[in-house]
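This report concerns only the one structure given below.
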Amino acid sequence: MCRRQQIDLVALIHILLLFVAPSSFAASSWNGAVIDDTGRPVAGAVVKVHGKRGGPEYAVSTLSDGKFVIQRMEAGSYEVTVRSAEKEWKAAVPLVIKDAGLDVLLQIVASGEVLFKTSAQVAEMRLQASGGEQLSSSEVSSLPLNARDFSKLLLLAAGTMTDANGAANFTQQFAVNGQRGVTTVFATDGFDTTDPEMGGATFSNFNVDAIQEVQSNSGVMAAEIGHGAASYTNVITKFGVTQIHGSMFEFLRNASLDARNYFDYRDPTGRHRIPPFIRNEFGFTNGGSVVLPGIYNGKDRTFYFGEYQGFRQVLGTTQVLPVPTEAERQGIDTTTFPGDTLAVPVSAEAAGVLNGYPMPNEPNGPFGERTYAASSKVVTRTDQFSIRVDHRISDKASLTTRFSLNQVSGPLTNPDQTVINPTFGVLFFDHQRNFGAHYTRTISARMASDTSVSYIRSTPFFSPGNHTQPGITFADGLYQPYNQPAGSIFGSYSNLYQLKQDFSWSHGAQVFKWGTEIRVNRDSTIFGVNPNGLYEFGGGTAFSPVNITSASGTHDIHAGDPLPDALTGLLTGTPYSYNIMVPADITPVGGKFNEAGVRREAYNFYFQDVWKATPKLTVSYGLRYEVNSRIYEATKRTSLPVFFDANSNPTGYWNRNAIQKILINPQPPYDQDWKGFGPRLAVDYAEEKHTVLHAGGAITTLIPNLWQDNSLTAGIPYVSAPSIFAHPGEPIAFKNTFVPLNLPTAYNVQGQPIFATGRSEDVPANTEFDYVRFQNELNALAPGNVQLLSVTGIAKNFGNGYIGSWTAGVDHDFGDF
Numbered sequence: 149m150c151r152r153q154q155i156d157l158v159a160l161i162h163i164l165l166l167f168v169a170p171s172s173f174a175a176s177s178w179n180g181a182v183i184d185d186t187g188r189p190v191a192g193a194v195v196k197v198h199g200k201r202g203g204p205e206y207a208v209s210t211l212s213d214g215k216f217v218i219q220r221m222e223a224g225s226y227e228v229t230v231r232s233a234e235k236e237w238k239a240a241v242p243l244v245i246k247d248a249g250l251d252v253l254l255q256i257v258a259s260g261e262v263l264f265k266t267s268a269q270v271a272e273m274r275l276q277a278s279g280g281e282q283l284s285s286s287e288v289s290s291l292p293l294n295a296r297d298f299s300k301l302l303l304l305a306a307g308t309m310t311d312a313n314g315a316a317n318f319t320q321q322f323a324v325n326g327q328r329g330v331t332t333v334f335a336t337d338g339f340d341t342t343d344p345e346m347g348g349a350t351f352s353n354f355n356v357d358a359i360q361e362v363q364s365n366s367g368v369m370a371a372e373i374g375h376g377a378a379s380y381t382n383v384i385t386k387f388g389v390t391q392i393h394g395s396m397f398e399f400l401r402n403a404s405l406d407a408r409n410y411f412d413y414r415d416p417t418g419r420h421r422i423p424p425f426i427r428n429e430f431g432f433t434n435g436g437s438v439v440l441p442g443i444y445n446g447k448d449r450t451f452y453f454g455e456y457q458g459f460r461q462v463l464g465t466t467q468v469l470p471v472p473t474e475a476e477r478q479g480i481d482t483t484t485f486p487g488d489t490l491a492v493p494v495s496a497e498a499a500g501v502l503n504g505y506p507m508p509n510e511p512n513g514p515f516g517e518r519t520y521a522a523s524s525k526v527v528t529r530t531d532q533f534s535i536r537v538d539h540r541i542s543d544k545a546s547l548t549t550r551f552s553l554n555q556v557s558g559p560l561t562n563p564d565q566t567v568i569n570p571t572f573g574v575l576f577f578d579h580q581r582n583f584g585a586h587y588t589r590t591i592s593a594r595m596a597s598d599t600s601v602s603y604i605r606s607t608p609f610f611s612p613g614n615h616t617q618p619g620i621t622f623a624d625g626l627y628q629p630y631n632q633p634a635g636s637i638f639g640s641y642s643n644l645y646q647l648k649q650d651f652s653w654s655h656g657a658q659v660f661k662w663g664t665e666i667r668v669n670r671d672s673t674i675f676g677v678n679p680n681g682l683y684e685f686g687g688g689t690a691f692s693p694v695n696i697t698s699a700s701g702t703h704d705i706h707a708g709d710p711l712p713d714a715l716t717g718l719l720t721g722t723p724y725s726y727n728i729m730v731p732a733d734i735t736p737v738g739g740k741f742n743e744a745g746v747r748r749e750a751y752n753f754y755f756q757d758v759w760k761a762t763p764k765l766t767v768s769y770g771l772r773y774e775v776n777s778r779i780y781e782a783t784k785r786t787s788l789p790v791f792f793d794a795n796s797n798p799t800g801y802w803n804r805n806a807i808q809k810i811l812i813n814p815q816p817p818y819d820q821d822w823k824g825f826g827p828r829l830a831v832d833y834a835e836e837k838h839t840v841l842h843a844g845g846a847i848t849t850l851i852p853n854l855w856q857d858n859s860l861t862a863g864i865p866y867v868s869a870p871s872i873f874a875h876p877g878e879p880i881a882f883k884n885t886f887v888p889l890n891l892p893t894a895y896n897v898q899g900q901p902i903f904a905t906g907r908s909e910d911v912p913a914n915t916e917f918d919y920v921r922f923q924n925e926l927n928a929l930a931p932g933n934v935q936l937l938s939v940t941g942i943a944k945n946f947g948n949g950y951i952g953s954w955t956a957g958v959d960h961d962f963g964d965f
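Residue numbers for the sequence shown follow this note's numbering, beginning at 149 and rising by one.
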């Protein structure tokens with residue numbers, strides 16, 4: 149063969165090798181991730197891959213979502229280690245790479261091992277027979293959320309919808325699988341953040357840029373989840389890594405970006421084309437190692453992550469309402485009798501109300517000459533802050549602490565009233581605090597301990613702005629109500645202390661977990677309906693105190709005659725009815741009206757086992773036991789109706805022949821419920837790589853809601869709400885200011901004052917209240933009116949509720965389309 153032919157042959161071989169090598173000796177590109185034993189991504193970890201027998205080495209750090217990429221890995225056998233915060237995990241078996249199809253994730257576990265998992269296995273691990281959703285930080289931050297409220301994400305889960313009747317703390321609640329919104333339980337980093345008194349979420353405005361993951365479970369849940377949960381949502385916050393990192397944001401919306409609503413009031417000057425609207429949302433996140441030069445170096449040992457989110461909104465609402473005309477303010481009534489005019493003497497007290505309304509400005513509006521249209525501003529301001537610190541104590545112990553604060557002021561709840569008088573508004577506020585500490589310790593290669601303590605404070609409160617003006621309403625819709633809240637005040641100062649101790653132990657294909665949880669409620673509730681007094685005009689017959697003449701002479705009304713409508717009643721200062729909630733001498737008033745110190749403790753115990761019976765079959769079973777103490781009051785301000793038969797034996801309230809007694813400081817108020825057992829069972833079967841069949845059943849203990857179900861504290865005789873109605877010769881005296889009313893003294897059946905010392909704590913248990921005497925003396929305050937006391941109570945057999953859940957389904961991952 150000549151030299152030229154040899155060169156051509158070598159060149160041809162090289163060209164062929166270029167085409168053959170990619171298919172026969174291709175290097176692998178490993179797109180992997182590091183997760184912990186709960187499936188949570190581990191950020192800032194160093195992954196080292198060392199080839200055996202002097203093979204190549206690779207090292208890479210994981211990103212904030214736990215992911216990493218190693219390019220062009222040669223085929224072979226590799227030792228794998230993961231290092232994070234000076235702790236190292238090592239794979240017990242080598243990683244074998246044969247081709248470019250590398251689908252392996254690294255899971256670090258408490259025993260110090262690195263486990264190799266496929267993406268399908270991780271997906272299976274996160275799937276539960278309960279159903280629910282699990283959203284990563286990238287999914288949370290990328291979803292378009294109005295007002296950046298992460299709780300809106302819960303609507304992505306099957307069986308979840310908004311609870312129209314469940315926003316007692318002005319936070320949207322969610323009905324899951326047909327249960328009430330108050331049974332939706334929330335936690336942040338495992339620390340309880342459910343409103344302690346009313347239920348529902350707190351910190352729903354948590355900065356979504358600081359959320360690592362949202363875990364939502366419902367239906368059939370593991371035994372470690374309790375609290376009466378129809379669903380359980382745990383928000384995992386981000387944690388600091390070695391490098392300092394963070395983010396900032398600002399969102400803006402205002403009226404300049406909006407179009408005018410068809411019904412918006414058109415200012416004749418043209419200056420206010422649409423109602424004012426200004427919204428600003430802003431915040432930041434920042435995290436990294438705790439390093440104090442010359443004092444403390446926490447690099448790779450102590451980490452922090454902080455966030456702040458602010459919200460400012462001024463929302464202009466269009467209010468269209470009926471108000472008195474100029475003629476009606478002078479006592480000229482042209483509507484009571486069509487075609488005729490009444491000249492009504494206007495009482496001095498009524499004149500103050502009439503002139504308190506704004507003058508009508510839309511004669512062609514929906515209420516005719518009485519129409520008034522204007523914009524009323526609703527202001528909302530929130531400031532939410534959180535700081536998290538993670539500290540590695542040793543290779544076997546770590547501590548996580550977090551403090552969160554949320555100051556919510558607004559929104560105004562009744563803009564139709566502030567357009568009449570700014571002091572008539574009811575402002576909502578909620579000052580939320582949450583602190584938690586979580587200590588984790590590896591006891592042995594197979595056993596770990598988790599201890600956590602936490603505290604949540606929430607103060608959902610509806611505060612009235614006027615405490616002297618009585619409310620005025622019109623049964624026939626004559627005018628917009630005047631100070632409709634009438635001083636009504638609602639809210640709670642709620643505090644919940646939580647202690648949890650969990651242990652986990654792995655043995656072969658089984659992972660056992662058991663523990664206990666203690667929750668202690670220390671709440672103060674405020675509840676007052678119409679403490680300023682509420683007058684109603686119309687709705688019944690009131691009688692004229694003066695003579696009223698008509699222009700025609702055919703509709704004259706004489707003193708003592710029935711008044712024809714609400715207008716003549718208002719002009720003459722003659723209401724049909726009056727209602728007021730009156731406190732007893734020992735009852736708090738003002739901003740603490742009828743305050744009750746509500747108390748309860750909960751003790752929970754559970755055991756569960758996750759058994760990998762076969763490579764495809766996983767069985768999860770467990771049992772939870774919950775005991776909740778009876779509701780009680782810190783100063784014994786409790787009362788209760790009880791029922792007895794003819795032989796003085798206790799009987800049910802449904803017994804029509806029962807004799808009713810009212811006990812002050814009843815002991816015990818109702819039976820203790822000891823039946824709080826909740827078994828759980830779930831089965832998952834991986835039919836194939838991307839398909840999981842699951843089924844399960846569970847019983848969950850539903851604990852009583854302290855706001856909705858508490859009919860024990862702060863009732864009769866601590867407050868009473870008499871209603872007075874007009875009668876011939878017995879008109880209701882109308883005053884355009886608060887008129888205090890004193891309740892009769894409460895006596896026991898022996899004729900002794902119940903609160904002789906002025907302290908409810910000194911009342912003996914089961915003191916029988918002479919409510920007949922109390923009712924008769926109350927009747928004497930309003931001659932002609934019979935006051936039937938409104939008494940609420942709790943049945944003797946009152947206890948926990950129980951939710952039975954069953955589920956079956958198929959989960960299939962279709963991959964990318």
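Ideal placement from N, C-alpha and C gives every residue a C-beta, glycine not left out.
Straight-line gap, residue i to residue j (C-alpha atoms, nearest Å)
{"i": "Glu361", "j": "Pro441", "result": "33 Å"}
{"i": "Leu765", "j": "Phe351", "result": "38 Å"}
{"i": "Thr786", "j": "Val897", "result": "17 Å"}
{"i": "Thr571", "j": "Trp954", "result": "52 Å"}
{"i": "Ile541", "j": "Leu547", "result": "7 Å"}
{"i": "Glu510", "j": "Val471", "result": "11 Å"}
{"i": "Asn325", "j": "Ala498", "result": "52 Å"}
{"i": "Leu211", "j": "His375", "result": "35 Å"}
{"i": "Gly224", "j": "Val252", "result": "15 Å"}
{"i": "Phe922", "j": "Ala894", "result": "6 Å"}
{"i": "Phe453", "j": "Val228", "result": "29 Å"}
{"i": "Glu474", "j": "Asn914", "result": "59 Å"}
{"i": "Thr735", "j": "Gly431", "result": "44 Å"}
{"i": "Arg748", "j": "Ala943", "result": "18 Å"}
{"i": "His703", "j": "Val730", "result": "40 Å"}
Range of the contiguous beta strand (DSSP E) that encloses residue i
{"i": "Arg594", "result": "No beta strand (DSSP E) contains Arg594, which DSSP labels as neither H nor E."}
{"i": "Gly845", "result": "Thr839 to Leu850"}
{"i": "Trp802", "result": "From DSSP, Trp802 is part of no beta strand (DSSP E); its letter is neither H nor E."}
Status (buried if at least 16 other CB within 10 Å, exposed otherwise) for residue i
{"i": "Trp802", "result": "exposed"}
{"i": "Gln565", "result": "buried"}
{"i": "Arg518", "result": "buried"}
{"i": "Ala407", "result": "exposed"}
{"i": "Ser379", "result": "buried"}
{"i": "Leu936", "result": "exposed"}
{"i": "Trp855", "result": "buried"}
Under the three-state DSSP convention, the category residue i falls into
{"i": "Phe354", "result": "coil"}
{"i": "Val257", "result": "coil"}
{"i": "Lys265", "result": "strand"}
{"i": "Gly738", "result": "helix"}
{"i": "Gln565", "result": "helix"}
{"i": "Ala181", "result": "strand"}
{"i": "Asp910", "result": "helix"}
Host alpha helix (DSSP H) of residue i (start-end)
{"i": "Ala496", "result": "Ala496 to Leu502"}
{"i": "Ala928", "result": "Tyr919 to Ala928"}
{"i": "Thr720", "result": "Ala714 to Thr720"}
{"i": "Glu474", "result": "Glu474 to Arg477"}
Near the ligand SAM: residue i beta-carbon under 7 Å from a heavy atom
{"i": "Glu749", "result": "The ligand SAM is absent from the structure shown, which contains no ligand whatsoever."}
* Asked: Does the stretch 368-375 come close enough to the stretch 764-775 to have 3 or more Cβ pairs within less than 8 Å?
  -> Taking 8 Å as the limit for Cβ pairs, the verdict is that the stretch 764-775 does touch the stretch 368-375.
* Asked: Touching or not, the stretch 808-817 and the stretch 736-751, by the rule of three or more beta carbon pairs under 8 Å?
  -> No, they do not touch.
* Counting Cβ pairs, one atom from each stretch, are 3 or more of them under 8 Å apart for the stretch 227-236 and the stretch 531-545? -> Output reads yes: the stretch 531-545 touches the stretch 227-236.
* Tell me, please, whether the stretch 663-670 touches the stretch 611-626 by the rule of three or more beta-carbon pairs shorter than 8 Å. => Taking 8 Å as the limit for Cβ pairs, the verdict is that the stretch 611-626 does not touch the stretch 663-670.
* Asked: Taking contact to mean at least 3 C-beta pairs separated by less than 8 Å, is the stretch 645-655 in contact with the stretch 590-599?
  -> Judged by Cβ distances under 8 Å, the stretch 645-655 makes contact with the stretch 590-599, as three or more pairs qualify.
* Tell me, please, whether the stretch 489-498 touches the stretch 710-725 by the rule of three or more beta-carbon pairs shorter than 8 Å. => A contact between stretches requires three or more CB pairs, one per stretch, nearer than 8 Å, and the stretch 489-498 meets this requirement with the stretch 710-725.
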